Amino acid sequence: SIFKENGKIQINPSAGGLATGLASYHQENEGLWIGWPGYNPTTDKEKNILKNRLLNEFNCYPVYLSNIEIKKYYNGFSNNTLWPLFHYFTTRCSYDHSEWEYYQSVNSKFCKALLETVKPDDIIWVHDYQLMLLPEMIRKEIPEATIGFFLHIPFPSMEVFRYLPWRNEILNGVLGADLIGFHTYDYSRHFLSCILRILGKEQNYGQIVAGDRVVKVDTFPMGIDAARFIAGVASEEVNAENDNLMKTMKENKIILSVDRLDFTKGIPERLQAFELFLENHPDWHGKVTYIMLCVPSRDKIQQYRMLKKEVDELVGKINGRFGTPGWSPILYMYRSVPFTTLIGLYSSADLALVTPVRDGMNLVSKEYLACQGQHKNGVLVLSETAGSAAELGEAIIVNPNNVNSMAEAIYQGLTMPEEDKKAALKLMQKRIKRYN
Ligand code: GDG
């Protein structure tokens, strides 16, 4: 995120899965990252200053969006049509023709920025649902280009995808790439089934013939830079933060959740499950604290503001119902915290609650496991509809809509024998380090 403080522009890496997950890769390679910086300079002079700083300090190249483009392309078509549809929230989708027009024009704006910077033999890697038309646009301009496309969110089943009025255009857009990647085998399968039933194109072992090209579709579950998290946890700064946290928490067990505040993350359902756990297990009152870190996200969209209100109210209700002068069941933070604080929380928590109703992958689940290191025995409660559940079968797997079973999973996780916790954790940690 970029903002102005005392007249000077501050540049901070953003806290979304795509940005954090690819940061290490970007730093270690000589690529150029083209993207919207999330900030609108008001003058041409400021635009140029920011552009130079992004290039020199971060190897990034900005595409500036106007206010109307932010409204119609970003908050509109990307986050109010594709995002809810691909996460199976079909009743939350708007299908607005003018937003679709902005989606097309902003995709061409990115194509133009790419043409300004691309060099012969560059490999072009297009990311995510905001740029699904871009591979085809680039292909038209540079027919011999090498293009990859990766989707960071789920690709829904054909029965859901077909709701989209512009389904053919989106599929053809992506088919401009040479290699199309998804997090899980199911998403790849859904995509191939749409290609067959909507475009009538057959596939053979994940290969599709598109004109005179062969396009390959495959599964690449995104990993984390495990070494960076493990080294971070060992640092003095993180140890000092943890000592402080332990003083406040005393002997209490810590439950942790970390998400962007998004309706796909199942936050209200999770709070209801925690409330039910406290109701069913009074012996745990005063002995457990749920630290809930919610990072503000897309707060210009009405539905996100309503969710914020709902979450605020639920937290207030639960703390009001069970809290005592010496104990608040939920410690709620609505902001982004520095990396050291985040990994300190990951390493201190006895149980992580990762219960999205739908999530492409979910990196938080992997980061938590990495930060538990060799000496902790943390338990992961994980939703079956997070992409990471396909890789982390040793976690306590739950249905995120089943509040009763989530409440019991919390109890089970807190009371499990240490050797069982350790055995599950070790297996998952090994996998995370290997597929980093
Ligand atoms: C999308 C897909 C997919 C969170 N709070 C803070 C903070 N974070 C970082 C975490 C993590 C990232 O944000 C969140 O990543 P997720 O993967 O959990 O979720 P989305 O943002 O929804 O990401 C998702 C991902 O893309 C990658 O393909 O896994 O399914 O929805 O890395 O560490 N970082 C800091 N402070 C915070 O307060 N510094």
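Numbering of the sequence shown is given in the numbering used here, commencing with residue 975 and proceeding in unit increments. Glycine included, every Cβ here is placed at the ideal spot set by N, Cα and C. Keep in mind the model is a prediction, meaning the values are calculated, not measured.
Own chain residues within Cβ distance below 7 Å of residue i, not counting five before or after
i	result
residue 1037	1008, 1009, 1010, 1083, 1084, 1087
residue 1215	1314, 1315, 1318
residue 1064	1134, 1137
residue 989	1269, 1310
residue 1081	1105, 1107, 1108, 1111
residue 1013	976, 977
residue 1363	1356, 1357, 1371
residue 1242	1284, 1285, 1288
residue 1240	1329, 1330, 1331, 1357, 1374
residue 1186	none
residue 1226	1261, 1262, 1263
residue 1021	1015, 1038
Residue i, buried or exposed, once every other Cβ within 10 Å from all chains shown has been counted against 16
i	result
residue 1323	buried
residue 1346	buried
residue 1340	buried
residue 1095	exposed
residue 1220	exposed
residue 1274	exposed
residue 1218	exposed
residue 1183	exposed
residue 1330	buried
residue 1222	exposed
residue 1200	buried
residue 1188	exposed
residue 1389	exposed
residue 1454	In this structure the chain extends from 975 to 1410, so residue 1454 is not present and cannot be described.
residue 1304	buried
residue 1178	exposed
residue 1374	buried
residue 1157	buried
residue 1043	buried
residue 1279	exposed
Cβ neighbours of residue i in the same chain (closer than 6 Å, five flanking residues each side left out)
i	result
residue 1342	1320, 1326
residue 1073	1046, 1050, 1051
residue 1383	1355, 1370, 1372
residue 1139	1069
residue 986	975
residue 1090	none
residue 1236	1271
residue 1392	1351
residue 1415	Since the first residue of the chain shown is 975 and the last is 1410, residue 1415 is not available in this structure.
residue 1123	1100, 1109, 1148, 1151, 1154
residue 1093	none
residue 1403	1343
Integer Cβ distance of residue i from residue j, believed to fall under 8 Å
i	j	result
residue 1015	residue 1028	The pair is not a contact, with the Cβ atoms about 11 Å apart (cut-off 8 Å).
residue 1361	residue 1387	Actually they do not touch by this definition, with Cβ atoms about 21 Å apart.
residue 1272	residue 1053	6 Å
residue 1102	residue 996	The pair is not a contact, with the Cβ atoms about 10 Å apart (cut-off 8 Å).
residue 1250	residue 1377	6 Å
residue 1061	residue 1238	5 Å
residue 1153	residue 1190	5 Å
residue 1150	residue 1172	No, residue 1150 and residue 1172 are not in contact; Cβ-Cβ is about 16 Å, not under 8 Å.
residue 1035	residue 1006	6 Å
residue 1277	residue 1141	Going by Cβ atoms, the distance from residue 1277 to residue 1141 rounds to 23 Å, so no, they are not a contact pair.
residue 1144	residue 1119	Between residue 1119 and residue 1144 the Cβ distance is about 20 Å, and since that is not below 8 Å, they are no contact.
Residues bridged to residue i [DSSP beta-bridge criterion]
i	result
residue 1156	1193
residue 1036	1009
residue 1333	1360
residue 1120	1097
residue 1328	1356
residue 1227	1262
residue 978	983
residue 1186	DSSP lists no partner for residue 1186.
residue 1269	1234
residue 1138	Per DSSP, none; premise fails for residue 1138.
residue 1301	1298
residue 1181	1178, 1190
residue 1461	With the chain covering only 975 through 1410, there is no way to say anything about residue 1461.
Own chain, CB closer than 8 Å to residue i, minus 5 neighbours either side, in chain order
i	result
residue 1352	1323, 1324, 1325, 1326, 1342, 1343, 1346, 1395, 1399
residue 1161	1125, 1128, 1129, 1193, 1334, 1361
residue 1255	1385
residue 1409	1195, 1197, 1365
residue 984	976, 977, 978
residue 1180	1162, 1166, 1190, 1191, 1192
residue 1033	1000, 1004, 1005, 1006, 1007
The ligand ZN heavy atom lying under 7 Å from the CB of residue i
i	result
residue 1232	Ligands displayed in this structure: the ligand GDG; the ligand ZN is not among them.
| Are the segment 1166 to 1175 and the segment 1134 to 1152 touching, with three or more C-beta to C-beta distances below 8 Å? | yes
Would you be able to state if there are at least three C-beta pairs under 8 Å between the segment 1266 to 1280 and the segment 1224 to 1237? yes
query = So does the segment 1279 to 1298 actually touch the segment 987 to 1007, counting three or more Cβ pairs closer than 8 Å?
reply = no
### Task
Would you check if there are 3 or more beta carbon pairs closer than 8 Å linking the segment 1286 to 1301 to the segment 1195 to 1215?
no
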